[in-house]
Amino acid sequence: MKGKVIIGIVVVVLIVFFGISVNNNLVEREESVESAWAQVENQYQRRADLIPNLVNTVRGAADFEQETLTSVIEARSQATSINISAADLNDPAKLEQFQQAQAQLSGALSRLLVSVERYPELRANANFRDLQAQLEGTENRISTERKRFNDAAQTYNTSIRKFPTSFFAGLGGFERKAYFEAEQGAEQAPTVDFGN
Numbered sequence: 439m440k441g442k443v444i445i446g447i448v449v450v451v452l453i454v455f456f457g458i459s460v461n462n463n464l465v466e467r468e469e470s471v472e473s474a475w476a477q478v479e480n481q482y483q484r485r486a487d488l489i490p491n492l493v494n495t496v497r498g499a500a501d502f503e504q505e506t507l508t509s510v511i512e513a514r515s516q517a518t519s520i521n522i523s524a525a526d527l528n529d530p531a532k533l534e535q536f537q538q539a540q541a542q543l544s545g546a547l548s549r550l551l552v553s554v555e556r557y558p559e560l561r562a563n564a565n566f567r568d569l570q571a572q573l574e575g576t577e578n579r580i581s582t583e584r585k586r587f588n589d590a591a592q593t594y595n596t597s598i599r600k601f602p603t604s605f606f607a608g609l610g611g612f613e614r615k616a617y618f619e620a621e622q623g624a625e626q627a628p629t630v631d632f633g634n
């Protein structure tokens, strides 16, 4: 009888230590997801910080379309007004709302850069070229950080769904993280028309 009690205690202790190990591993992975999210926000903030300089440089060009500048300013304002905390990463709807605002800003910036093509004196401006290069670099960084975020979320989500970790994840309240997804219509190639 005494041997069975000792075996029972050893089994319980092993299960507790295993549960602690699983919990610690999930905490590390969840922190990786949150760190990756912080980097995504960091790059979006960098882009938002560059936009006023770009707009002011473009505004200096004679007869530039005010409507285009206004749409960029409004899109930036909307994109920076939507914030997501690390706790919101479990809510796909909030991440989708954030993504849509950022996509609207990307679209407004694209229209601005396309309309600049009609202004050779602006394209020749060194300040504008520098800002344009910084924005292009930032867009690449955003893409890279979004991929890293999705990779971290995938690792975390896979971990909490595998057995026996899923049992302990359920006990610990670990929930799936949402992914960045492609914008609607991204599967269709854009139309390029040089007929203007």
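If you're matching positions, the sequence shown starts at 439 in the working numbering and goes up one per residue.
For each residue, glycine too, the CB sits at the ideal point set by N, CA and C.
Restricting to Cα atoms, I'd like to know which of the options is closest to residue i.
i: Asn578; options: Val448, Tyr482 and Ile458; result: Tyr482
i: Gln542; options: Val471, Asn521 and Gln516; result: Gln516
i: Val552; options: Gln570, Asn565, Phe536 and Arg514; result: Gln570
i: Ser408; options: Arg485, Ser597, Asn462 and Glu469; result: Lying before the first or after the last residue shown, residue 408 is absent from the chain, which here runs from 439 to 634.
i: Phe606; options: Phe455, Asn461, Glu469 and Val451; result: Asn461
Give me the Cα-Cα distance between residue i and residue j, rounded to the nearest whole angstrom.
i: Lys600; j: Arg567; result: 50 Å
i: Leu496; j: Ser473; result: It is worth fixing the name first, because residue 496 is Val in this sequence and not Leu. Near 35 Å, if we compare the C-alpha coordinates of Ser473 and Val496.
i: Gln572; j: Asn480; result: 14 Å
i: Pro490; j: Glu469; result: 33 Å
Run through DSSP, which three-state label would residue i get?
i: Phe632; result: Confidence at Phe632 is low in this model, with a pLDDT of 41, below 50, so the placement of that residue should be treated as unreliable; the coordinate-derived value is given next. Reduced to three states, the DSSP call for Phe632 is coil.
i: Phe605; result: helix
i: Gly611; result: coil
i: Asp526; result: helix
i: Asn462; result: helix
i: Asn563; result: coil
Given a cut-off of 8 Å, decide if residue j and residue i are closer than it, judged by their beta-carbon atoms.
i: Pro530; j: Ala616; result: yes
i: Ile511; j: Phe536; result: no
i: Arg467; j: Thr593; result: yes
i: Gly610; j: Leu464; result: yes
i: Asn528; j: Arg586; result: no
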